[in-house]
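Respectively, the protein sequence lines represent chains A, B, C, D, E and F. Just so you know, the first sequence maps onto residues 1 to 304 in this note's numbering. Just so you know, the second sequence maps onto residues 305 to 608 in this note's numbering. Just so you know, the third sequence maps onto residues 609 to 912 in this note's numbering. Just so you know, the fourth sequence maps onto residues 913 to 1216 in this note's numbering. Just so you know, the fifth sequence maps onto residues 1217 to 1520 in this note's numbering. Just so you know, the sixth sequence maps onto residues 1521 to 1824 in this note's numbering.
There are 6 protein chains.
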Amino acid sequence: MFSSINQLPNRIPPSDKPDPKAAQALQEGLGGQFGEMRTMMQYLFQNMNFRGEAKAYQDLLRSIATEEMGHVELVSNTINMLLEGASSPSTQPNDLPLSIALDSPNIHHFLVAGQSSRPVDAAGNPWSATYVYDSGNLVLNMLYNLMLEATGRLQKCRLYEMSNNKAYRATVSYLIVRDLAHEKVFAKALETLGVSWNKALPVPKLDTSGMPEVKELESRNLHNQQWTFTDESSGLSKIFNGSSPFGDGGELEAIDGIPQGAPIPNLPDAPQEFASGLDGELKKLTQQVQTSASPETASKKKRI
Amino acid sequence: MFSSINQLPNRIPPSDKPDPKAAQALQEGLGGQFGEMRTMMQYLFQNMNFRGEAKAYQDLLRSIATEEMGHVELVSNTINMLLEGASSPSTQPNDLPLSIALDSPNIHHFLVAGQSSRPVDAAGNPWSATYVYDSGNLVLNMLYNLMLEATGRLQKCRLYEMSNNKAYRATVSYLIVRDLAHEKVFAKALETLGVSWNKALPVPKLDTSGMPEVKELESRNLHNQQWTFTDESSGLSKIFNGSSPFGDGGELEAIDGIPQGAPIPNLPDAPQEFASGLDGELKKLTQQVQTSASPETASKKKRI
Amino acid sequence: MFSSINQLPNRIPPSDKPDPKAAQALQEGLGGQFGEMRTMMQYLFQNMNFRGEAKAYQDLLRSIATEEMGHVELVSNTINMLLEGASSPSTQPNDLPLSIALDSPNIHHFLVAGQSSRPVDAAGNPWSATYVYDSGNLVLNMLYNLMLEATGRLQKCRLYEMSNNKAYRATVSYLIVRDLAHEKVFAKALETLGVSWNKALPVPKLDTSGMPEVKELESRNLHNQQWTFTDESSGLSKIFNGSSPFGDGGELEAIDGIPQGAPIPNLPDAPQEFASGLDGELKKLTQQVQTSASPETASKKKRI
Amino acid sequence: MFSSINQLPNRIPPSDKPDPKAAQALQEGLGGQFGEMRTMMQYLFQNMNFRGEAKAYQDLLRSIATEEMGHVELVSNTINMLLEGASSPSTQPNDLPLSIALDSPNIHHFLVAGQSSRPVDAAGNPWSATYVYDSGNLVLNMLYNLMLEATGRLQKCRLYEMSNNKAYRATVSYLIVRDLAHEKVFAKALETLGVSWNKALPVPKLDTSGMPEVKELESRNLHNQQWTFTDESSGLSKIFNGSSPFGDGGELEAIDGIPQGAPIPNLPDAPQEFASGLDGELKKLTQQVQTSASPETASKKKRI
Amino acid sequence: MFSSINQLPNRIPPSDKPDPKAAQALQEGLGGQFGEMRTMMQYLFQNMNFRGEAKAYQDLLRSIATEEMGHVELVSNTINMLLEGASSPSTQPNDLPLSIALDSPNIHHFLVAGQSSRPVDAAGNPWSATYVYDSGNLVLNMLYNLMLEATGRLQKCRLYEMSNNKAYRATVSYLIVRDLAHEKVFAKALETLGVSWNKALPVPKLDTSGMPEVKELESRNLHNQQWTFTDESSGLSKIFNGSSPFGDGGELEAIDGIPQGAPIPNLPDAPQEFASGLDGELKKLTQQVQTSASPETASKKKRI
Amino acid sequence: MFSSINQLPNRIPPSDKPDPKAAQALQEGLGGQFGEMRTMMQYLFQNMNFRGEAKAYQDLLRSIATEEMGHVELVSNTINMLLEGASSPSTQPNDLPLSIALDSPNIHHFLVAGQSSRPVDAAGNPWSATYVYDSGNLVLNMLYNLMLEATGRLQKCRLYEMSNNKAYRATVSYLIVRDLAHEKVFAKALETLGVSWNKALPVPKLDTSGMPEVKELESRNLHNQQWTFTDESSGLSKIFNGSSPFGDGGELEAIDGIPQGAPIPNLPDAPQEFASGLDGELKKLTQQVQTSASPETASKKKRI
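As structure tokens, then:
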């Protein structure tokens, strides 16, 4: 089971301007073959189907699977921030409030969704479970996951070079740093099984000196840390400790629990999208519901 | 963000016998168009893309999305229990340990996965994000979700009639009861927006008197309860309270937090599947890792 | 069986200008998940697989399935009108008659088809039968269809706001009105099974006073009418009668037969597309065929 | 536009026995790459996108497109007949009414649909619009269609050899004969453009003397006839007349209108499938609806 | 088995300018439904699954399948040439080296691949094996292949009209000519089985006088030649000889072996794409590998 | 470009019996996500899109890509051998020659193909180009390819345990050995870039002492050899030499050219499949073609 915390893993600053093109590029990080929906589902399946006694490796998978759920939320919310303001309600008789959609790379942002994120990649292809890899073999799964994180990081570094929109850059940079941490988690797991990586990794080889947003996050050692994302005990720290497997001088930190988060943005109504689509009468009904006295029957039981 | 709890929402009793056919049928509940991966993703997207001020409805979506993550785990683990023992390592020179695969409805359970669950439906089709519906419109989303839960329940009732394997029945019955609770959540949400359902719902119309596993769960009022699946405050109870919207005499209960769970089963090594695939040398390495003293650097920080 | 009538359900005025972007947007109404190919196929399957004695509901499905076939034709022809003139045969030695294709959102309109419509959505995804829903359960099918029509109407209202091209607007407006009628058909069917909708529907809540094309069609009560689309008797009128289920004061009308239609446009040859591609010799052959005396053997038999 | 006639193109005799395997094989004729959904959609698109003045060829496409709509109905209903009786409501406490599903090649017939047909092929793959071919080029379209009909006929001949279930055979045989007629239509159209086929066609080369069901239909010249499937005039007979293009001595007949049909079977309620799923209360409501006096407001208008 | 030759079938001149739009259009020729990956795979499967004694037709399929492998290489390399230079490494602090990606029709060229070709069509849809046709029936396979080549040529003629980029035109023109040769191969094969084509073919009907690149290739009779693409004997020449089946005066030539080729272009490192991504240290390692003395153990054995 | 050699890489012994289930299992090796079509296409794309100066690695990719083309042929032909004899022409009036299809796991072997292989996996899913991975990054591509070969080998080892049919085992064993060689090629390539594998690889850890077919092939050192598959020079031997990267004592051999092959089986006509489908008249025509004197115009030119 899982429990939800009403926070994002990283703060999303306001977007410089409505930016449907950046929003569409960022979809790769959400619904792409190497995006967050995929890492989340792949690690979840490897965790659920885990066999044998090396349970510390199962704990490791569970921790990262849980973290990726929050990444899905982070990317989705960033896309929404980039789309916000791209259209607005009509103020003049002959306005075309959604004409922006015809010049946007993903018309579905405006036509199928209510000006918000979709479970597709940057070319519009829907996410598919054929992406999910679980062979049941521990070495092979770790090898695949290492490659997956490295590819994810490669793509985020390319995304970084495509736009300098602040909201976009904040999230892309956060993922560059976290993907590096995950690359280290899986590389370290393989190191415990005998592999030495020498200087072959990480991918990509990156000079972060020209990437201020990335540098700032690395200055907090975020690229060497891994939370357990649980209140319970975890074998993660048995594997993820000591020196970075890439010989970059990093000191690995396994940390119990969940990192400090940031608020989830609120999207306003978009009448031109009929979202939420409540008219006066319906709005009044929802307000009555929300301002009613807390019902007596609720909240009595609680898991101990 | 999310946090993981090392429990399943319901206990899975041992399977009567290895049962690849029941396992394959149950895949519909995992990777089917109306299965748990879909409900989880649909409610997650509707929650992330939520617009407007009716935040109690957003809280409601978040609670159920989080519950569905645990349902994904429950179904996956049940499939694994049904597959366990279907093959075993060779003991004689000319054994064919995996010959069962040629007579199983989903050979991928044995050939692609290591005798375990897959993100596909009961006909073998991979899960697709084209299933995820989010129009941005509150009434429409609630209407779709109601239909989705009713269809899910319909399919689980059909699954119930296909096999009486104990492990299978326990999970199918649990989902029949929880889908009914979710049907009520969305029907109630629409009731707050003015709809009266009278006797049209629920779907399916079901006499549970011949379904002892279902009756037992209903005797605990599980079909009228909804947890918030968070330690934080939630508007769920503003909506989900009072009488059942189906006129069946049920009293709705919104409950803070997470229900009591059951242990997650452990799958043993399956050498004939090369899963986990660790030989003596590698096994020794993983044991060293796991029995090492807890590393000093870890666990220092913790979210407050 | 079905019989064809050489008319479209509504007139398509000439397009203001060749408009590949509007054409691509309108593809959602043809091959989209909530477009006309889908409604047609969904109702056709629900009709063919119908079980039980409530045959009036089966008749209702058959009527709308048949109407949707004409909607497929209407949308396809409108897309073709919007594409017409977007390219033209070369007149100068170094012309690039199809260079427009490189700047169009769906290059396949020019490269795969002969400057004409395709069975895909506005993002270029091919239509898939995974969209078709038929649970066999009457209440559930009606609930799904209601949601389907409301979503279709929502998308058409968004399309309306994207462009004011006359040909485009005429068809989009017609579909907004007909989708509302169909929303009422399914809402009414559920009303006969006990549901009261109060003010929750329709979706979207729409003030048509700023939409002159829509208002004109509503002035003919087109949003409260449903034809049977057959010369035979039908139970449709047993269900679809009385007051609108949305409390908007509409009086529902079930009408025998088929509405008055409008001519189907003729597309000229497009030599730059090699469509029809007949050269002088072949053209002469087809003319001979078409001007030959009506062959004696034909037309003798006819169904009585 | 289209109009519906409440008949199937050919009679379906009762199935010898419930036969889910034959039902699944026959799905290829419904949702397969060369099945009836595909021919219907391909000819419809070629008709809607038709360019140029050779309108007799457009009429030809429209006629066959319309006929294929009825074939879709015929195959769907035959699948339903083959499935009927495969399961039945529980009569004993521990019955498993749907256990048959676990031994059927397409569990979705029982789990997703209510024991009825699905828009998929015989291997369970959903129908896809990527199958639809329309190049805009007349010669090429005719060539493709000829190949399509020949492939359809080839597959139906293979289906004939798989089972001798009477309901199955009746429909398969009808399609073998009609596919041959369609092969002739497109071969003839190419003949008018200059091609001579000599003895290369038809495909497959078939001795029907051992196929009594086929012979009976051929004795009525059904393999040389083509109806216009419209009450209006059509250029079909300009092309489809004279001798068979395959040198088999056939005399081609174009016929105005629609052939005599056969009744559409009625499927009873299947309570074990929750289809139609009406309980006593809901059944009473639908009966009230159906036995109400014909409402006065209906049926007043009618297309002249 | 196959053997590789380090040459392309035709020379690719330098691209006039970086041209992502032309690159994307040309993807249809690589990963499109009628592109080179498809012809290659279709003929390969028809060859592998060939039945019966008409082995000359099997040889014919093998020859063209092998040629198509080289076409895949030609189109991929041309796309790469068109993309080359579209981005370049950052030289200023605030450069966005990959910003071009946001304005390109296929962002995946820059985001998923390292500024290079992808196995997708011009609309971004991935290639699918559902395209591959092999009925096992000789006449039908030949008929389909004829249609396939004619459609491929039609699409290339449309591509020709979209851009006059020199690199693009060189490859498109080469394919127009080779597709015509292949059209003749399959038309000739059907001629040996009795068909006369008269003036119905080829498709498209094309006046090449305005297409200098095409004319130049035809002046070398490239549209009437077919190589065997093997050093072994082949029955190809038994079928492909004599006059062109299209009555255009061409004299067919079957030629043993493989045509003279052209060099394969070298793509430089693209650091902004992290491709090849070798840093100084890794580059040194690869140079050591490549300049090492040829290892003694190699090259000893060789197939005779 | 490529040249074809009329041989398979390994001999296929006769199948013990017609074996559609083994045939279907083996489809995973042809059209599966980790099968031969995928390795062939992945390495081909990585070769065509290669960037930078480390050309020895590009040569390595080209060699293995070319070898995989032969593996595609080997697996396809083995499937055909397993299917051969599964049905036979009717000899009695009421025979059902293809009834076997209804009990076979892939009915398409008999219904869509002419009793032969298909480009699908063992669950019937068509091969998709979404499988093809090319990041442009050398380290990452090598890492992925290593994982790909190890997964392929894992699946073949599972296939080995499913059936002991001789034809099946011969091909499965050959692929187990060649996949190991390829695993070594990519592991070695990463070793040149600094990685040490120690005992983590290969996957799976396998005791071949109980696998006589595998042992026999290994006794010829086939698991340590790699041919260049070209007559031209290649940098392969610069990388693939010295000791096995897995510390198993193997001595790596790069060999110029192509290995000795085995004959390609001939499939006879299958009249019940209408394959090849030639009747007496058409057969005579093909015989005339094949016995005609070698035409004079052919074979004059040849590549030097």
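Yeah, the Cβ is synthetic: ideal placement off N, Cα and C, and Gly gets one too.
Contact check, residue i vs residue j, beta carbons under 8 Å
i	j	result
residue 657 (chain C)	residue 1026 (chain D)	yes
residue 73 (chain A)	residue 39 (chain A)	no
residue 620 (chain C)	residue 730 (chain C)	no
residue 331 (chain B)	residue 410 (chain B)	yes
residue 1340 (chain E)	residue 1291 (chain E)	no
residue 1041 (chain D)	residue 930 (chain D)	no
residue 132 (chain A)	residue 45 (chain A)	yes
residue 301 (chain B)	residue 360 (chain B)	No answer is possible for residue 301 (chain B): it lies beyond the span of chain B, which begins at 305 and ends at 608.
residue 1527 (chain F)	residue 1783 (chain F)	yes
Under 8 Å by beta carbon: chain A residues contacting residue i
i	result
residue 650 (chain C)	Near residue 650 (chain C) there are no residues of chain A at all, since even the closest Cβ is about 18 Å away, more than 8 Å.
residue 1489 (chain E)	158
Residues near residue i in its chain [Cβ-Cβ closer than 6 Å; skip 5 each side]
i	result
residue 1185 (chain D)	1026 and 1027
residue 1376 (chain E)	1388
7 Å CB neighbourhood of residue i in its chain, flanking five on each side removed
i	result
residue 1396 (chain E)	1369, 1418 and 1439
residue 801 (chain C)	747
residue 231 (chain A)	257
Amino acids of chain F, ordered along the chain, whose beta-carbon sits closer than 9 Å to that of residue i
i	result
residue 1289 (chain E)	1521, 1522, 1564, 1567 and 1568
residue 593 (chain B)	Per Cβ cutoff of 9 Å: no residues; residue 593 (chain B) is ~13 Å from chain F at best.
residue 120 (chain A)	Result: empty, since nearest Cβ-Cβ is about 13 Å, beyond 9 Å.
Contacts that residue i makes with chain A (C-beta to C-beta distance below 9 Å)
i	result
residue 673 (chain C)	Here the premise fails: no neighbours, minimum Cβ distance about 24 Å.
Listed by chain order, chain C residues near residue i by CB distance under 7 Å
i	result
residue 361 (chain B)	Per Cβ cutoff of 7 Å: no residues; residue 361 (chain B) is ~13 Å from chain C at best.
Partners in chain A for residue i, counting only beta-carbon separations shorter than 7 Å
i	result
residue 1734 (chain F)	The contacting residues do not exist; residue 1734 (chain F) stays about 19 Å from chain A at best.
Where residue i meets chain E, residues with beta-carbon distance less than 8 Å
i	result
residue 849 (chain C)	None at all; the shortest Cβ gap to chain E is about 46 Å.
Interface residues of chain F facing residue i [CB-CB closer than 7 Å]
i	result
residue 1162 (chain D)	Those do not exist, as residue 1162 (chain D) stays about 17 Å from chain F at its closest Cβ, beyond 7 Å.
residue 1445 (chain E)	1523 and 1524
residue 1035 (chain D)	1626, 1627, 1628 and 1644
Contiguous alpha helix (DSSP H) assignments of at least 4 residues, all confined to the region 984–1068 of chain D: Qualifying alpha helix (DSSP H) stretches, in chain order: 1020–1023.
Under 8 Å, CB to CB, which of the residues in the region 455–470 of chain B have a partner in chain A? Contact residues of the region 455–470 of chain B toward chain A are absent (C-beta to C-beta distance below 8 Å).
Determine which residues of the region 475–508 of chain B have a Cβ less than 8 Å from any Cβ of chain C, and write them out in chain order. The region 475–508 of chain B vs chain C, Cβ under 8 Å: 494, 497, 498, 499, 500, 501, 502, 503, 504, 505, 507 and 508.
Give the list of continuous beta strand (DSSP E) stretches no shorter than 3 residues that lie fully inside the region 866–893 of chain C. If we require 3 residues or more, the region 866–893 of chain C turns out to have no beta strand (DSSP E) run fully inside it.
For the region 922–948 of chain D, which residues have a CB atom closer than 9 Å to at least one CB atom of chain F, in sequence order? Against chain F - using a Cβ distance shorter than 9 Å - the residues of the region 922–948 of chain D are 933, 934, 936, 937, 940, 944, 945 and 946.
Return the residues of the region 1169–1198 of chain D that lie within a Cβ-Cβ distance of less than 7 Å from chain C, sorted by chain order. For the region 1169–1198 of chain D, the set of residues with a beta-carbon nearer than 7 Å to any beta-carbon of chain C comprises 1169, 1170, 1171, 1172, 1173, 1179, 1180, 1181, 1182, 1185, 1186, 1187, 1188, 1189, 1190, 1194, 1197 and 1198, in chain order.
Against chain B, which members of the region 1600–1622 of chain F pass a CB distance test of less than 8 Å? Using a CB distance below 8 Å, no part of the region 1600–1622 of chain F faces chain B.
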